[in-house]
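**Student:**
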């Protein structure tokens, strides 16, 4: 009996020990489902002929949902009434008005990535349903790539549209009607049409900002084929899209953010001529950046009390605006310190450049104390040097001192050296810099082989696509097609070459016009990158086709 109890006790202790040692672990759910739904049945069948139904049912092997249908789905040719499309369990139901279907026409309902499974959201890529109201499926294709006409970069989400040729007699067609066939460019700029009939089309591409499938003028970019396309075989049509110049010039708004500054903002860049009206004695008004093409005309003023009136005329037209504004009151309260911007970049003063201080607010020259600006140079130690500064009215002060390349300099500006017209003054500041040495810069020699006698704009672009240097060429009928250009004083870095076919010789790139059937000026961008090193010459030969 005692032996029996001992056996039972040992068995009980073993069970308790096993229970305490056991660990509870969550059940594994297995691998994540990455497979999109599969179509198991379509009623009527995909690629049906003699289609005559008001309802289409697409059945899948799992529960499905519709994602971003409005932006993903395209129906070509477009229907007067958008189909009603809903997800119901494992099926997608499409309701359409069959009386709107054209006879002997192939229709394509393109879903993009709108159809996805319910659990993981896996989308079916480029899913489409095709049917024909006739006895055959159209099979012709158009493909191509959409790029920006000026930058050469591929552009995504651009509407590419085909208009039936019978409707293109009117120039206003693309402004009033949506294309019969529509597709969109991908992230790489590519687009494609399939199941097209053999007929004539007007082919266009535009950035559809307001999603109305029509071109809305200069607020959107546009590309178009010069002539109608007779589609008899698979065809490639590439686009260079551009923004048209506005047909009219007008003031969008004007601002007087604080006393001393007036900004008049136009809807387009142009050359403007200005005239100040009724200037009072002691008053001073200056337009900044005179003679430059721009969309904002900025005036700096002082000595005025109540209002400012200016007449602004667009140089190349008869358009004239008279702007009269009530001026804000002078506010002597010092809310913030006066901002001063030196023309140094990361402690470097660009080669062969005078040191300059620029102001965001109009300075009060009568309160300026230029003796509070101190120039130091470092040899073995910092030593102050005599300096000469003068105003470059209206928004800058320039130092006249010649500076030695590669030497370390320091500018110390004491508190309240400068005031603006509202009474704000600067805090003390220290600016350390070194004038750039010629030996720190490189040189690029371009040998261009040009195939056309005309004018060109040649640009050297940095790795951000900004113009580092540019030059102009004009080939006469008697001149050689081989031209050499030297770009000197180039900061080390990676560059590319861009050439604009300057057809009208105005030394800039010009956009196109749809109504004038005018394409933008052509642009060539070299695919080769040029590596510029300090005190080094890079020579490159480029053939411009």
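Residue numbers (my numbering): 1180 to 1724. Ideal Cβ positions, reconstructed from N, Cα and C, are used throughout, including at glycine.
1. Mapping DSSP to helix, strand and coil, what is residue 1364?
2. Between residue 1418 and residue 1332, what straight-line distance do the alpha-carbon atoms span, to the nearest angstrom?
3. Going by the beta-carbon positions, is the gap between residue 1575 and residue 1538 smaller than 9 Å?
4. Nearest-angstrom Cα distance between residue 1202 and residue 1212?
5. In whole angstroms, what is the alpha-carbon distance linking residue 1368 and residue 1601?
6. State the start and end residues of the unbroken alpha helix (DSSP H) segment that holds residue 1251.
7. Who are the near neighbours of residue 1206 in its chain, counting only those whose CB is closer than 6 Å to its CB and skipping five residues on each side?
8. Quick one: is residue 1204 buried, meaning 16 or more other Cβ sit within 10 Å of its Cβ, or exposed?
9. When DSSP labels each residue in this structure, what does residue 1202 get in the three-state scheme?
10. Count the C-beta pairs between the segment 1621–1632 and the segment 1704–1715 that are closer than 8 Å, then say yes if the count reaches three, no if not.
11. With residue 1441 as the anchor, note down where its beta strand (DSSP E) starts and where it stops.
12. Is the segment 1271–1290 touching the segment 1305–1318 in the sense that three or more CB pairs, one from each, lie closer than 8 Å?
13. Around the C-beta of residue 1400, are 16 or more other C-beta atoms found within 10 angstroms, so that it is buried, or is it exposed?
14. Check whether the Cβ atoms of residue 1343 and residue 1359 sit closer than 9 Å, and answer yes or no.
15. Tell me which residue opens and which closes the beta strand (DSSP E) that residue 1656 is part of.
16. For residue 1274, write down the residues that DSSP places opposite it in a beta bridge.
17. Would you mind reading off the limits of the beta strand (DSSP E) that contains residue 1341?
18. Which word fits residue 1279, buried or exposed, when buried means at least 16 other C-beta atoms lie within 10 angstroms of its C-beta?
19. Do you know whose CA, among 1611, 1583, 1552 and 1581, lies nearest residue 1145's CA?
20. Quick one: grab the DSSP three-state call for residue 1371.
21. Taking the alpha carbon of residue 1483 as the reference point, which residue from 1543, 1617 and 1433 has its own alpha carbon closest?
22. Let me check understanding here. Comparing Cα to Cα, which of 1702, 1716, 1571 and 1523 lies closest to residue 1330?
23. Residue 1265: which of 1258, 1649 and 1290 sits nearest, CA to CA?
24. For residue 1411, count neighbouring C-beta atoms within 10 Å of its own C-beta (all shown protein chains included) and say buried if the count is 16 or more, exposed if not.
25. Can you list, in chain order, the residues of its chain with a C-beta nearer than 6 Å to that of residue 1431? Leave out the 5 residues immediately preceding and following it.
26. With H, G and I counted as helix, E and B as strand and the rest as coil, what does DSSP make of residue 1284?
27. Taking the alpha-carbon positions, what's the residue 1415 to residue 1371 distance?
28. Tell me the DSSP secondary structure of residue 1618 in three-state form.
29. From residue 1200 to residue 1301, what does the alpha carbon distance come to, in whole angstroms?
30. Can you tell me where the alpha helix (DSSP H) with residue 1355 in it begins and where it stops?
31. Hey, quick one: how far does the beta strand (DSSP E) through residue 1384 stretch, first residue to last?
32. Can you find the residues in the same chain that come closer than 6 Å, C-beta to C-beta, to residue 1589, ignoring five residues on each side of it along the sequence?
33. Give the single residue among 1489, 1457, 1581 and 1394 whose Cα lies nearest to the Cα of residue 1441.
34. Would you mind reading off the limits of the beta strand (DSSP E) that contains residue 1553?
35. Given residue 1697, which residues of its chain have a CB within under 7 Å of its CB, disregarding the five upstream and five downstream residues?
36. If you draw a straight line from the alpha carbon of residue 1267 to that of residue 1407, how long is it in whole angstroms?
**Tutor:** Taking the geometry as given:
1. coil
2. 11 Å
3. Against a cut-off of 9 Å, the Cβ pair of residue 1538 and residue 1575 comes out as a contact.
4. Confidence in residue 1202 is poor, its pLDDT being 46 and thus under 50, which makes the residue's placement too unreliable to answer from.
5. 51 Å
6. 1248–1251
7. Bear in mind that the predicted position of residue 1206 carries a pLDDT of just 49, short of 50, making it too unreliable to give a figure here.
8. Confidence in residue 1204 is poor, its pLDDT being 47 and thus under 50, which makes the residue's placement too unreliable to answer from.
9. Confidence in residue 1202 is poor, its pLDDT being 46 and thus under 50, which makes the residue's placement too unreliable to answer from.
10. yes
11. It spans 1440–1449 - the beta strand (DSSP E) in which residue 1441 sits, taken as one unbroken run.
12. Contact holds between the segment 1305–1318 and the segment 1271–1290, because three or more Cβ pairs, one in each stretch, are under 8 Å apart.
13. buried
14. yes
15. Per DSSP, residue 1656 belongs to no beta strand (DSSP E) and is neither H nor E.
16. Residue pairing by DSSP places residue 1274 opposite 1234 and 1263 in a beta bridge.
17. 1338–1343
18. Exposed is the call here.
19. The structure shown does not extend to residue 1145, since the chain spans only 1180 to 1724, so no value can be given for it.
20. strand
21. 1543
22. For the residues 1702, 1716, 1571 and 1523, the minimum Cα distance to residue 1330 belongs to 1702.
23. 1290
24. With fewer than 16 neighbouring CB atoms inside 10 Å of its own CB, residue 1411 falls in the exposed class.
25. 1444 and 1446
26. coil
27. 9 Å
28. helix
29. Residue placement at residue 1200 is poorly supported in this model, since its pLDDT is 48, which falls under 50; the coordinates are not used for a value here.
30. 1352–1355
31. 1379–1385
32. 1555 and 1611
33. 1489
34. 1552–1557
35. 1691
36. 43 Å
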